[in-house]
Amino acid sequence: MKTLFKGAFISALLAFGSFANASIINFNDYTISGYATQARSGSSTVEDGGFTLSLAGNLWVDIFYDSVLTSNSILNFTFEATGLNAELYGIGFDNDENYSADQSENFGFIGGTQASELVTANLFSDYESGDGVVSFSVNIGDYVTGSFNRLVFILDNDAQQSGSLASFSNVEICDNILVCQTSSVTSVSEPSHLGFAGLALLMVGALRRKLR
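So the sequence shown is numbered by this note's numbering: it starts at 110 and just counts up by one.
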């Protein structure tokens, strides 16, 4: 497995990053709140100077975060899960707190034992607890477009309620690769849209590479 961007292109990309208008989310600037009826047990913690949100238990949380997703939008983030393998890990976009499993087209899941059961959602990976630290770069505009005022972070484990841990770091939404501030080019296993079998995700990177 390898990254796609090397040599001079990487150098040019990083140089351009100084002019980027995107920014990595600092969770210290936001209030972390329980999302809908899904904040059932556990806790959330902001770490690493505000750039990491850690969840424990069976917990969905959101922040008020305005975003306009176009067909060019990219979602970057780094993820790690430990403890019991949860039922769902993911990130979603919303404008209210009326979540329904059969209307989850604005949500993207990266793994969990029940991810494949959500037929209207987007599945970006088959991550399992213990897979380590993985950086995701997703052309989210291929799946979700529109204006949103909430960003949702998901650790779902209804069966166990506790024992699962997940962290989201370096979360960034940008319009194209040249305005993304994330400098490392990493990747994930090819995902699929569960509602449209066979649709390939266009990635900004190669196959998944675990960070060491």
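Backbone N, C-alpha and C fix where the C-beta goes; we use that ideal spot for every residue, glycine too.
| Asked | Found |
| --- | --- |
| Beta strand (DSSP E) segment containing Cys289, residue limits | Segment: none, Cys289 is in no beta strand (DSSP E) and carries neither H nor E. |
| Closest Cα partner of Asn258 within the set Glu214, Phe136, Ser152 and Phe173 | Phe173 |
| Member of Asp267, Phe136 and Ser163 whose CA lies at the smallest distance from the CA of Phe188 | Ser163 |
| Per-residue burial, Ser271 [other beta carbons within 10 Å of its own, 16 or more giving buried] | exposed |
| Beta strand (DSSP E) runs contained entirely in the region 168-245, provided each spans 3 or more residues | 183-192, 197-203, 216-220 and 231-236 |
| Rounded distance between the beta-carbons of Phe202 and Ser176, thought under 8 angstroms | 7 angstroms |
| Close-in-space but distant-in-sequence residues of the same chain around Gly199 (CB under 7 angstroms, 5 per side omitted) | Phe216, Gly217, Phe218, Ile219 and Ile263 |
| Own chain residues within Cβ distance below 7 angstroms of Val204, not counting five before or after | This sequence places Asn at residue 204; Val is not what is there. The residues are Phe257, Asn258 and Arg259. |
| C-beta contact flag for Leu184 and Ile286 at 7 angstroms | no |
| Cβ-based burial, Ser238 [other Cβ within 10 Å; buried from 16] | buried |
| Which of helix, strand or coil DSSP assigns to Asp157 | helix |
| Sheet register partners of Ser152 (DSSP bridge) | Ala165 |
| When Ile134, Thr191 and Val170 are compared against Gly159, the one with the closest alpha-carbon | Ile134 |
| Under 7 angstroms between C-beta atoms of Thr146 and Ser278 | no |
| Outcome for Asn207 when other beta-carbon atoms lying within 10 angstroms are tallied against a minimum of 16 | exposed |
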